[in-house]
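Participant:
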Amino acid sequence: PYEGDGPGSESSAVGFARAWAERNGCRSEPTRRRLAPRAVRLDWPGCRDASAVAHVRLLGFGHDIPGVIPRTSPPGTIFGPAEIWRFLSAHPRRAT
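Going by my numbering, the letters in the sequence shown line up with residues 8 to 103, in that order.
Structural data, given as structure tokens:
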């Protein structure tokens, strides 16, 4: 569950994002930005090595990717694949 209170759940969705932010050396508090009436994005700034951590919360939505199945996407959300692509294309994988 989103809040992390289900069986076997160790943390909330935001808790996992916070853990990644800590691993990446980001500043402790995220900035909040409304993407759509029912979509809020949290970004942790100042991560080391140009890494980034973001979390998008969809209000009143299930566990689907918004916009993929139009009949089940509530109005006021985002087109999930485009939002995911924007994040990933802005942070290409570095050669190891």
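Here a beta-carbon is modelled for each residue, glycine too, at the ideal position from N, C-alpha and C. All figures in this text were calculated on a predicted structure; none of them were measured in a lab.
Tell me the residue span of the beta strand (DSSP E) that contains Ala43.
Facilitator: Indexing the sequence shown from 1 puts residue 43 at position 36. Residues 38-43.
Participant: Val60 lies in the beta strand (DSSP E); which residues open and close that run?
Facilitator: As a working note, residue 60 is residue 53 in the sequence shown. Element bounds for Val60: 60-65.
Participant: Measuring CA to CA, which of Ala102, Val21, Ile76 is closest to Val47?
Facilitator: What you label residue 47 is simply residue 40 of the sequence shown in a count that begins at 1. When only C-alpha atoms are compared, the closest one is Val21.
Participant: Indicate whether the contact test is met: 3 or more Cβ pairs, each with one atom in the region 31-46 and one in the region 59-66, closer than 8 Å.
Facilitator: They touch, by the three-pair rule.
Participant: Tell me which residues share the same chain as Ala89 and place their Cβ nearer than 8 Å to its Cβ, disregarding the 5 neighbours each side in the sequence.
Facilitator: Within the sequence shown, numbered from 1, the residue matching residue 89 stands at position 82. Only Gly74 meet the Cβ criterion.
Participant: What is the rounded straight-line gap between the Cα of Pro8 and the Cα of His70?
Facilitator: As a position in the sequence shown, residue 8 is number 1, starting the count at 1. As a position in the sequence shown, residue 70 is number 63, starting the count at 1. Model confidence at Pro8 stands at a pLDDT of 48, short of 50, so the residue's coordinates are unreliable and nothing is read from them.
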